[in-house]
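These notes are about the structure you will find just below.
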Amino acid sequence: MRATVVFLLTFLAVTLALDNGLMRTPPMGWLAWERFRCDIDCEDDPQNCISEVLFRDMADRLAEDGWRELGYVYVNIDDCWSSKERDAQGRLQADPKSRFPGGIAKLARYVHDRGLKLGIYGDLGTYTCGGYPGTTLDKIEIDAQTFAEWGVDMLKLDGCYSNSTEQEQGYPLMTKALNATGRPIGYSCSWPAYQGGLPPKVNYTLLGEICNLWRNYGDIQDSWDSVLDIVDWFTEHQDILQPAAGPGRWNDPDMLIIGDYGLSMDQSRSQMALWAIMAAPLFMSNDLRTLNSGARAVLQNKVAIAINQDPLGIQGRRLIKEKSGVDVFWRPLSGGSSALVFFSRRTDMPYRYQTSLKALNYTAGTYKMYDVFLEKPMPVLKDATEFVVSINPTGVVMWYVYPSTKWQEEGEEHNADSPVVL
Ligand SMILES: *[C@@H]1O[C@H](CO)[C@@H](O)[C@H](O)[C@H]1NC(C)=O
Ligand SMILES: *[C@@H]1O[C@H](CO)[C@@H](O)[C@H](O)[C@H]1NC(C)=O
Ligand SMILES: *[C@@H]1O[C@H](CO)[C@@H](O)[C@H](O)[C@H]1NC(C)=O
Ligand SMILES: *[C@@H]1O[C@H](CO)[C@@H](O)[C@H](O)[C@H]1NC(C)=O
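Mapping the sequence shown onto full-length UniProt numbering, position 73 (from 1) lands on 73, and the numbers just tick up by one.
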């Protein structure tokens, strides 16, 4: 029965996704915007301005500090990279002066030489959000062609300075134009974020056919409030959003801000856990040159990444919203495994949450658990066994759960009336 369900889900995913073969699991990498914005002051701030230096530095870090091997392969440019003028042939061009003297094609070669991929930014409309030349409907083909010629691997197409009619025409036209270049280019559409993110204005079936990922909601900022606001919106609308995701087509709650200024360690683990369970793209926007070891450990957590990258590509859901401020999220994974996140919205002290796997709708059986952030196996649990997890304020406990058929071999059975304290 399970095999049939899995087969059907996989089949549906194959038939509905954009047919460019890309991003069968959520894309991972680095994206400039949240951390570096539109800093173009290379004279006074040469290390942080939007320039080829910044992207080469991040490519070096991704390649040399263990990120690439974990799947963080995209180095993505955001707004403010271009010249304010198109060239004589009407093509976009990188700011030639101090910022991208080598041009984007050369930067793409640098990135590719390190086993990474290059992403670029465009905007369907008269201007980009930052006021640079936009891609109007008549410029879609030439811009797709230019990006392909440069060797770009992904395009984020924003939606400032266009109306709903132009977006309805432009986003699918770009799909066609990218395909016509013959170069596989991952396609991130900001379209739904400009239309409120919900039906009837947003058609998620259509998005799945024309985009690999899409921004549903507003930009993330460097604060816990912002993360919480995003998580709330995505869970409130999960009945609409969750079925839209699958291999090759992902909801994008925006960048990881872990390693910046706004999150505590517990909140950093929360963002990582919730993005993993939501099957979200994992684009870090931080300074990889100065990242502290705590943030690095969270972002490089192998089990959290494996959960995010699970090949079934089924987005997780919130199962329970307790009055106490605890939310429980669940995501089915391949091989009969699953992931659980116990998330506390509380702001007082660690909260002892008692439940059982049965109460979380696990079928009868015995289960092995691995605590993702403690990085250690937990006691084996029967479905009916009550247990207690201690969840830090604004923090998570995250488990990778897999069925155990070898109950007796797994050591001590817990038969007492008291719950297992984990
Ligand atoms: C273009 O679309 C066709 C048909 O949908 C697909 O087979 C092909 O792989 C696509 N090519 C690229 C480069 O995306
Ligand atoms: C959208 O903009 C185009 C031209 O920029 C205009 O012709 C059209 O009327 C606008 N549509 C709406 C719905 O505002
Ligand atoms: C949404 O898009 C799909 C695929 O293009 C289409 O078949 C369907 O009719 C659209 N739904 C609505 C409500 O427009
Ligand atoms: C468990 O499943 C039942 C029946 O499908 C459903 O009513 C209930 O809401 C589910 N509970 C959770 C925690 O998902």
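The C-beta atom is built at its ideal place from N, Cα and C for all residues, glycine as well.
Query, Result
"Going by DSSP, which residues form a beta bridge with residue 430?", "Here the chain has residues from 1 to 422 only, and residue 430 is not among them."
"For ligand 1, any of its heavy atoms closer than 8 Å to the Cβ of L178?", "yes"
"For V231, which residues from the same chain have a beta carbon less than 7 Å from its beta carbon, with the 5 sequence-adjacent residues on both sides left out?", "L274"
"Would the beta-carbon of L178 fall within 9 Å of that of L124?", "no"
"Determine the direct distance from the alpha carbon of G248 to that of Y367, and round the result to whole angstroms.", "31 Å"
"Please return the same chain residues whose Cβ sits closer than 6 Å to the Cβ of M272, not counting the five positions on each side in sequence.", "V298 and A304"
"I need the straight-line Cα distance from W224 to N286, nearest angstrom please.", "15 Å"
"Could you give the first and the last residue of the continuous beta strand (DSSP E) run that contains T366?", "T366 to D371"
"Thinking just about the alpha-carbon of each residue, which of F36, G29 and G21 is nearest to the one in D222?", "F36"
"Looking at the strands, I want to know which residues DSSP matches up with T355.", "F387"
"Using 8 Å as the threshold, is the stretch 16 to 36 in touch with the stretch 72 to 92, meaning 3 or more CB pairs across them?", "yes"
"Compute the distance between the beta-carbons of G131 and K84, then report whether it is under 9 Å.", "yes"
"Can you list, in chain order, the residues of its chain whose CB lies under 6 Å from that of L207, leaving out five sequence neighbours each side?", "W214"
"Could you give the distance in angstroms between the alpha-carbon of A88 and the alpha-carbon of L333?", "52 Å"
"Give the straight-line distance between the Cα atoms of S386 and V380, rounded to the nearest whole angstrom.", "Before going further, note that residue 386 is Glu rather than Ser in the sequence given. Cα to Cα, the separation comes out at about 12 Å."
"For ligand 4, list every residue whose C-beta falls under 7 Å from any of its heavy atoms, going in chain order.", "L319, I320, A359, L360 and N361"
"Can you tell me the Cα-Cα spacing of F226 and P184, whole angstroms?", "Note that residue 226 is Ser in the sequence shown here, rather than Phe. Answer to the nearest angstrom: the Cα atoms are 33 Å apart."
"Have a look at H112 and E141 and give me their C-alpha separation to the nearest angstrom.", "24 Å"
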